[in-house]
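Each residue of the sequence shown is one higher than the last, beginning at 36 in our numbering.
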Amino acid sequence: MSSTQHLKTPLLATLIACASIAAVTSANAHQVWLENTGGQARLHFGEFNENLRETSPGRLDQFKGVPTLEQQRTGATAQPVQGQLGKDAFSYTVAGTPQTLFVAPTYPLIDRSKRNLPAMYWQPSARWVASLAQPVAPTAPLDLVPTGKPGEFKVVYKGAPLPKAKVQLAAPSGWTRETEAGEDGTVTFVTPWKGQYVAEVKHSDKTPGEAQGEKYGEASYVTTLTFVLADGMASPALPEPPKAH
């Protein structure tokens, strides 16, 4: 083998490894979030603060089918709502005035065999609430819900508060701020602008398990909470969407 081939072999291996890492991390670097206006709810996939919304045909098609939305009113059981796939979102028609909407789309297990790692279970979830004045009961494995106190939210993992969880809040302009949950799982944010906010929390659990009929070695959760404030200062608009490559 020539010296040139000796150089090419490790370089090629490095490039393949980098491509594999990029494929694994590109999905769970994103988030899903809910928007609800006039009874029309939309589930987006991308980055809210960057005004990035994945489309169909494209990465929006990577989910396994159209996820079912859960709609809940105060004092009532959750009602399922079927949706449809659109150009840049899954869309749903919501009846009445729900207190909260919730959805957890299914994403295929992420193959990490090229890095000699077991598959990863990635579970994105999205919650929308009509008001921060009412506490909302957590239902997802990793959930982020309002406590009913001004600007206060609680991170819950499998029914228990999750201390030291990092929560990021994106303002209507896309400006973000991150804070760490206390021992009781709560975080507090100042929200001076009117408009739509999206909060996000992530958590990784290295306990092996099984999902979708397959075994995995690590579970990665990302959950968002969307709310709209009617009062406050006028906010700058979101940035221009990234240009397609």
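Think of the CB as a built atom: it goes at the ideal place given N, C-alpha and C, for glycine as much as any other residue. Remember, it's a predicted structure, so these values are computed and weren't measured experimentally.
Query	Result
Burial state of Ile56, where buried means 16 or more other Cβ atoms lie within 10 Å	Caution applies to Ile56, whose pLDDT of 40 falls short of 50 and renders its modelled position unreliable; the model cannot decide the point.
Contact the segment 267–277 vs the segment 218–237: 3+ CB pairs below 8 Å	yes
Chain-order list of residues whose beta-carbon lies under 8 Å from that of Ala205 (same chain, five-residue window excluded)	Phe83, Asn84, Thr211, Tyr232, Val233, Ala234 and Glu235
Span of the beta strand (DSSP E) around Ala5	The structure shown does not extend to residue 5, since the chain is modelled only from 36 to 280, so the question has no answer here.
Helix, strand or coil at Asp146 according to DSSP, with G and I counted as helix	coil
Nonlocal neighbours in the same chain, by C-beta distance under 8 Å from Pro143, ignoring five residues either side	Gln97, Lys99 and Gln247
Inter-residue Cα distance where the pair is Glu275 and Leu87	9 Å
Rounded separation between Pro196 and Lys149 - CA only	35 Å
For Ala97, the three-state DSSP class (helix, strand or coil)	The question names Ala, but residue 97 in the sequence shown is Gln. Looking at Gln97 - three-state DSSP - the assignment turns out to be helix.
Ala175 versus Ala76, Thr258, Glu89 and Pro271, residue with shortest Cα-Cα distance	Thr258
Distance between Gly220 and Ala200 (C-alpha atoms, nearest Å)	7 Å
Coarse secondary structure for Met268, derived from DSSP in three states	strand
Three-state class that DSSP yields for Phe188 in the structure shown	strand
Bridge partners - Glu233, DSSP secondary structure assignment	The amino acid occupying residue 233 in the given sequence is Val; Glu does not appear at that position. Val233 pairs with Ala205 and Thr261.
Spatial distance of Val191 from Ala130 (CA atoms)	28 Å
First through last residue of the beta strand (DSSP E) which encompasses Arg77	Gln75 to Glu82
Beta-carbon spacing of Leu260, Gly209 below 8 Å	no
Assigned exposure category for Thr135 - 16 Cβ within 10 Å defines buried	buried
Reference Phe137; option with closest CA among Ile145, Asp146, Arg147 and Phe125	Phe125
Every unbroken beta strand (DSSP E) inside the segment 103–169 [3 residues or more]	104–107, 114–116, 125–128, 135–138 and 155–164
Which listed residue (Tyr127, Arg162, Val67 and Gln169) has its alpha carbon closest to that of Gly183	Gln169
Between the CA atoms of Gly93 and Leu47 - distance to the nearest angstrom	Low per-residue confidence applies at Leu47: pLDDT is 36, beneath 50, and the placement is therefore not dependable enough to give any value.
For Ala216 and Pro185, the rounded distance between their alpha carbons	16 Å
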